[in-house]
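Accompanying notes for the structure given below.
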Amino acid sequence: MRPFAYVRAGSLAEVVDLERQARAAGSAVAYLGGGTSLVDLMKLDLAAPAHVIEVAGLGDDRIEATPAGLHLGAAATMADAAAHPAVLRDYPVVAQSLALAASRQIRAMARLGGNVLQRTRCAYFRDTSWPACNKRSPGSGCAAIGGVHRQHAVLGGSDACIAAYPGDFAQALIALDATVVLVGEGGARHIRFADLHRPPGATPQVETSLRPGELIRSFEIPAGAHTRRSLYLKVRDRQSFAFALASAAVALALDGDRIGEARIALGGVATRPWRAREAEAHLKGRRLSQQAAAEAGRLAFAGAAPLSQNAFKVELGAAVVAEALRKAGQLSL
Amino acid sequence: MNREGKQSLIGAPVPRIDGRLKVTGAAEYADDLPLDNPAQGVLATSPIARGRVVSMDLAAARAVPGVLAVYTCENVAGRLKPLKSQGSGGFGMSDFFPLRSNDIVHHGQIVALVVAETDKIAHEGVRRLDIQYETAPSAATFDSPGAETRPLGELRPGTQPQRKGDADAALKSAAFAVSAEYETSPQVHAAIELYSSAAYWQGDNLIVHEPSQWLGNKLYGAAEQFGLDPSHVMVRSPFVGGGFGGKGSITPRLSLAAFASKELKRPVRIVVPRNQCFTTHGHRAETRHRLTLAASADGRLLVYRHHSWEATSRSDVTSMSGTDNSVRMYACANVDTALNLTRVDRVNPAAMRAPPEVPFLFPLESAMDELAHKAGIDPLEFRLRNDTDRDPMSDRGFSSRSLAQCLRQGAERFGWSRRTPSPRSMRDGDWLIGWGCASTMYPTYYAPAVARVRIDAEGARVQAATHEIGTGVQTVLAQIAGERLGIPADRVLVETGDSRLPPTPYSGGSMTTAVVGSAIVQACDAIRRRLGGAVGGGEDARTLLARAGLGSVEELAEWSPPGAGADAVQALYKGRVNGNGGAYKEGSMAFAFGAHFVEVRVHVNTREIRVPRSVSAFAAGRIINERTARSQLMGGVIWGLSSALRERAELDLRASRYVNDNLGEYLIPVNADIGSVDILLVPEVDATIPGLGVKGIGELGNPGADAAVANAVFHATGVRVRRLPIRIEDLFTAEERGA
Numbered sequence: 207m208r209p210f211a212y213v214r215a216g217s218l219a220e221v222v223d224l225e226r227q228a229r230a231a232g233s234a235v236a237y238l239g240g241g242t243s244l245v246d247l248m249k250l251d252l253a254a255p256a257h258v259i260e261v262a263g264l265g266d267d268r269i270e271a272t273p274a275g276l277h278l279g280a281a282a283t284m285a286d287a288a289a290h291p292a293v294l295r296d297y298p299v300v301a302q303s304l305a306l307a308a309s310r311q312i313r314a315m316a317r318l319g320g321n322v323l324q325r326t327r328c329a330y331f332r333d334t335s336w337p338a339c340n341k342r343s344p345g346s347g348c349a350a351i352g353g354v355h356r357q358h359a360v361l362g363g364s365d366a367c368i369a370a371y372p373g374d375f376a377q378a379l380i381a382l383d384a385t386v387v388l389v390g391e392g393g394a395r396h397i398r399f400a401d402l403h404r405p406p407g408a409t410p411q412v413e414t415s416l417r418p419g420e421l422i423r424s425f426e427i428p429a430g431a432h433t434r435r436s437l438y439l440k441v442r443d444r445q446s447f448a449f450a451l452a453s454a455a456v457a458l459a460l461d462g463d464r465i466g467e468a469r470i471a472l473g474g475v476a477t478r479p480w481r482a483r484e485a486e487a488h489l490k491g492r493r494l495s496q497q498a499a500a501e502a503g504r505l506a507f508a509g510a511a512p513l514s515q516n517a518f519k520v521e522l523g524a525a526v527v528a529e530a531l532r533k534a535g536q537l538s539l
Numbered sequence: 023m024n025r026e027g028k029q030s031l032i033g034a035p036v037p038r039i040d041g042r043l044k045v046t047g048a049a050e051y052a053d054d055l056p057l058d059n060p061a062q063g064v065l066a067t068s069p070i071a072r073g074r075v076v077s078m079d080l081a082a083a084r085a086v087p088g089v090l091a092v093y094t095c096e097n098v099a100g101r102l103k104p105l106k107s108q109g110s111g112g113f114g115m116s117d118f119f120p121l122r123s124n125d126i127v128h129h130g131q132i133v134a135l136v137v138a139e140t141d142k143i144a145h146e147g148v149r150r151l152d153i154q155y156e157t158a159p160s161a162a163t164f165d166s167p168g169a170e171t172r173p174l175g176e177l178r179p180g181t182q183p184q185r186k187g188d189a190d191a192a193l194k195s196a197a198f199a200v201s202a203e204y205e206t207s208p209q210v211h212a213a214i215e216l217y218s219s220a221a222y223w224q225g226d227n228l229i230v231h232e233p234s235q236w237l238g239n240k241l242y243g244a245a246e247q248f249g250l251d252p253s254h255v256m257v258r259s260p261f262v263g264g265g266f267g268g269k270g271s272i273t274p275r276l277s278l279a280a281f282a283s284k285e286l287k288r289p290v291r292i293v294v295p296r297n298q299c300f301t302t303h304g305h306r307a308e309t310r311h312r313l314t315l316a317a318s319a320d321g322r323l324l325v326y327r328h329h330s331w332e333a334t335s336r337s338d339v340t341s342m343s344g345t346d347n348s349v350r351m352y353a354c355a356n357v358d359t360a361l362n363l364t365r366v367d368r369v370n371p372a373a374m375r376a377p378p379e380v381p382f383l384f385p386l387e388s389a390m391d392e393l394a395h396k397a398g399i400d401p402l403e404f405r406l407r408n409d410t411d412r413d414p415m416s417d418r419g420f421s422s423r424s425l426a427q428c429l430r431q432g433a434e435r436f437g438w439s440r441r442t443p444s445p446r447s448m449r450d451g452d453w454l455i456g457w458g459c460a461s462t463m464y465p466t467y468y469a470p471a472v473a474r475v476r477i478d479a480e481g482a483r484v485q486a487a488t489h490e491i492g493t494g495v496q497t498v499l500a501q502i503a504g505e506r507l508g509i510p511a512d513r514v515l516v517e518t519g520d521s522r523l524p525p526t527p528y529s530g531g532s533m534t535t536a537v538v539g540s541a542i543v544q545a546c547d548a549i550r551r552r553l554g555g556a557v558g559g560g561e562d563a564r565t566l567l568a569r570a571g572l573g574s575v576e577e578l579a580e581w582s583p584p585g586a587g588a589d590a591v592q593a594l595y596k597g598r599v600n601g602n603g604g605a606y607k608e609g610s611m612a613f614a615f616g617a618h619f620v621e622v623r624v625h626v627n628t629r630e631i632r633v634p635r636s637v638s639a640f641a642a643g644r645i646i647n648e649r650t651a652r653s654q655l656m657g658g659v660i661w662g663l664s665s666a667l668r669e670r671a672e673l674d675l676r677a678s679r680y681v682n683d684n685l686g687e688y689l690i691p692v693n694a695d696i697g698s699v700d701i702l703l704v705p706e707v708d709a710t711i712p713g714l715g716v717k718g719i720g721e722l723g724n725p726g727a728d729a730a731v732a733n734a735v736f737h738a739t740g741v742r743v744r745r746l747p748i749r750i751e752d753l754f755t756a757e758e759r760g761a
């Protein structure tokens with residue numbers, strides 16, 4: 207770990223100002239929330255900020271459900287959001303995606319804002335002694351494509367990068383059409399959560415559409431008939447403290463025995479938070495049946511580009527989507 | 023009950039005397055021992071697997087304020103005597119010793135040691151080393167270009183495979199036969215306590231703090247390496263945070279700490295970060311097996327053909343040779359084994375808990391299940407039918423053998439009779455249920471041990487340079503001494519983990535309780551004799567002491583089992599262990615046996631695999647402490663479940679290096695993965711086992727459990743997985759879709 211200056215500020219506005227000054231002086235800056243991700247990255251020499259600015263105590267940590275929707279302050283801990291009664295009751299997919307992530311210790315420290323910005327678990331990215339990684343060292347190549355890629359993405363990859371986006375919470379946010387409120391030197395702005403993460407394309411080192419110095423203040427999830435009938439299903443190599451091999455965030459609004467609206471997002475299988483819109487469209491207006499769920503699962507992976515070791519994710523992912531829909535629709539086998 | 027009608031301490035579930043120390047964090051481990059102003063060392067390791075260092079620029083590292091020294095082959099080679107492996111007559115873990123030349127022979131090889139005022143500074147120094155490499159092609163594992171496969175007999179002349187009868191002829195006449203290939207994955211020890219070394223000098227005396235399963239080896243190894251009289255070396259390792267075979271031999275890291283300490287004239291401490299724990303030490307090598315089993319129409323095993331391949335390094339001939347033991351499992355007239363080694367560009371493999379049995383019983387116990395299924399015989403019944411009271415290879419008897427009792431009692435507890443034989447025939451809602459079983463075995467080894475016992479009016483003190491590697495050995499030894507001296511266990515102080523204490527063998531081969539316990543018995547009995555008391559226990563030795571008008575009595579006992587040889591104890595005083603037992607025991611052969619029964623549940627859609635419960639029954643001679651025995655066996659079973667479903671050091675085949683060198687990605691079970699693990703202790707008395715009649719339980723629980731899981735997965739799904747660990751993708755196969 208390299209030496210760095212630890213900075214505390216009095217307000218988010220001051221944080222943004224400090225960051226701007228440091229950046230103008232050519233210093234790399236990182237914001238410190240819970241630290242569960244940043245400290246790891248610094249130890250791995252993947253982040254080498256000259257200034258670390260504490261934001262955990264300054265940001266919005268409010269969790270509030272109103273008739274309009276759910277407000278999640280980015281400074282709230284994963285644990286607090288997962289245990290909030292309104293989240294558990296009205297947005298179960300949010301609570302479950304958080305509760306099934308990481309470990310109790312990490313959930314108690316990690317903040318929602320940092321959670322969605324966590325970086326891939328690709329070993330070739332995380333260990334700097336591997337020479338090739340386009341995300342870490344643009345133009346150096348991708349070691350995973352010809353190497354160990356069992357955990358890697360089958361959706362959204364490029365010739366430059368197939369690293370999977372590892373998070374769970376983001377799948378709930380993208381499924382529920384969340385908006386992200388950002389603050390930066392130009393003040394606040396709102397973007398769709400779906401636009402926060404960028405596809406790797408030829409520039410996998412650019413992971414988000416955040417502007418320099420910008421940080422996440424909150425997430426806003428619009429209310430809807432579908433949010434209560436929602437869940438997060440996560441399949442992984444062990445029952446806790448593991449990233450998803452394949453997961454699905456689903457939400458359903460039923461209109462009698464027909465599907466009024468379906469929301470499906472996929473984790474562990476794509477390079478960024480992933481919405482399965484074709485699968486959703488297929489379900490709309492249909493009766494929810496085993497067959498429809500299975501078809502939706504297959505459609506969700508219609509565009510998959512698997513490699514030898516991660517090919518199973520196509521079938522597994524489809525099964526997870528179908529199973530999640532079945533559970534959400536309370537169908538029995 | 024002993025002869026005075028008091029409850030015997032032997033067998034009693036005495037709670038661990040170190041339990042409170044451990045859960046409160048008060049227990050001292052090697053790296054907790056105080057040092058006077060230590061310098062901190064961090065190792066730099068090779069990012070390539072094969073090739074050479076072409077240039078090293080150390081200036082930037084040396085320029086970091088607080089960096090004290092940088093050691094590389096330039097200032098170490100020729101000044102530090104290399105260690106040799108035990109196989110070559112040395113004390114080390116490999117014939118390869120780093121920092122002798124610019125050659126790189128494995129990924130993670132030590133190329134430099136940076137010593138600084140703090141570990142953070144030393145890490146920064148390592149980061150600033152500019153080392154350039156020239157990479158040569160490397161062989162990662164089996165099938166890699168450049169890997170060299172040869173019969174073990176060619177690499178180690180004199181090695182004989184186990185052969186008997188005419189397997190080819192018998193195969194022709196057999197009613198049922200199965201033939202298949204099996205594979206196990208590399209595993210690393212991954213003990214929670216990181217590897218570490220600290221060394222300092224007091225004049226000509228070298229003091230080392232290092233987690234240890236074999237103090238004697240480190241003591242005599244260091245003495246030889248630094249040209250010291252052994253009395254000038256001290257090794258301390260009070261508590262050990264998991265060994266599993268990884269903390270036995272003297273390490274290059276210890277050598278470097280001692281070397282740097284001598285140069286810098288202050289203590290040097292090196293703590294190995296987790297990723298380097300994967301590569302600066304050996305691992306359980308991956309194995310391949312080709313098995314053919316055949317049986318008669320009435321389910322008698324006719325053929326056991328087992329050809330195996332183990333991966334090893336270029337520098338050493340390391341083979342676990344598991345068929346030497348597995349051939350004793352079942353009666354069989356025609357046996358044909360062959361051991362092969364594949365030499366690859368990796369660090370030399372090491373012993374890991376039940377080194378031969380874990381990788382070699384998986385294929386045998388899987389194939390037994392396959393053959394039973396093919397013959398239409400219940401797999402439990404098939405095993406019982408092929409039980410034997412004679413070793414099929416030598417026709418010698420077993421000192422005791424309770425495999426059938428374990429199978430029957432385990433099955434009874436598990437409810438095996440309710441199993442329906444067809445795959446996919448048992449189901450609970452969305453979950454397919456599978457029940458599988460497997461046998462396990464572990465040889466009973468023993469070796470000389472020395473212990474000192476002293477008694478005074480307060481109680482007894484037991485001293486032996488053995489190792490508390492997490493097993494509860496201090497508690498067990500206190501029980502043994504208490505029993506023989508007629509005093510409560512809590513009046514016995516047990517001192518271990520210091521090489522100044524009387525020598526004992528390595529804590530391996532599951533023999534610590536048996537051999538150190540037997541030495542303690544001998545010392546206690548000598549005390550009683552001196553005090554004129556009845557030998558074996560009974561009257562409180564403190565009463566005898568008072569009656570004799572003595573303040574204290576001390577006895578040193580050198581215990582040596584029959585067959586160990588006249589020089590065995592002297593060898594122990596030189597850091598050598600002359601062990602015997604198992605298949606090599608004089609007269610009858612000595613093994614402990616057991617049986618596993620496992621229930622798996624496989625989700626019908628997602629194919630997630632769960633293990634909600636298991637029952638394992640073991641018979642291992644005398645059990646000294648039911649509580650610690652149960653815990654050890656339970657830990658063994660859990661490791662078996664881990665072998666079955668999680669553990670695998672994942673190799674990048676191009677780079678011959680691991681990609682999951684951390685505990686986040688090297689998967690071991692979490693608490694939520696482990697359901698009910700029921701352990702049944704089947705009573706067994708074996709008076710022919712030297713000393714206490716203890717067979718040892720440290721390793722017995724682990725082997726076979728992985729096969730029981732694989733067999734249960736087959737029963738649940740109809741998919742036979744012959745490669746460990748079993749992963750979810752194994753159940754998304756063409757075979758599964760057809761099932």
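Chains as they are written, first to last, in the numbering used here: chain A, 207 to 539; chain B, 23 to 761. Note that the Cβ used here is the ideal one computed from N, Cα and C, for glycine as well.
Residue i, enclosing beta strand (DSSP E) - first and last residue
i      : result
B:A734 : Careful: B:A734 lies outside any beta strand (DSSP E), inside the alpha helix (DSSP H) at 727-739.
B:Y93  : 89-93
Secondary structure of residue i, DSSP reduced to three states
i      : result
A:L494 : coil
B:T710 : coil
A:D246 : helix
B:N693 : helix
B:N682 : coil
B:D400 : coil
Below-9 Å beta-carbon distance, residue i vs any chain A residue
i      : result
B:E146 : yes
B:R632 : yes
B:R178 : no
B:P691 : yes
Environment of residue i [buried if 16+ CB atoms lie within 10 Å]
i      : result
B:G718 : buried
B:L766 : Here chain B has residues from 23 to 761 only, and residue 766 of chain B is not among them.
B:T140 : exposed
B:Y217 : buried
B:E170 : exposed
Where the alpha helix (DSSP H) containing residue i begins and where it ends
i      : result
B:P381 : 379-397
B:L250 : B:L250 -> no alpha helix (DSSP H), and no H or E assigned at all.
Interface partners of residue i on chain A, CB under 7 Å
i      : result
B:D789 : Given that chain B is displayed from residue 23 to residue 761, the structure contains no residue 789 of chain B and the question cannot be resolved.
9 Å Cβ cutoff, residue i in contact with chain B
i      : result
A:Y212 : no
A:F507 : no
A:D374 : no
Check: residue i C-beta below 8 Å from any heavy atom of the ligand MN
i      : result
B:K103 : The ligand MN is not part of this structure, which contains no ligands at all.
Interface partners of residue i on chain A, CB under 9 Å
i      : result
B:N408 : The premise fails here: B:N408 is roughly 35 Å from chain A at the closest Cβ pair, so nothing lies under 9 Å.
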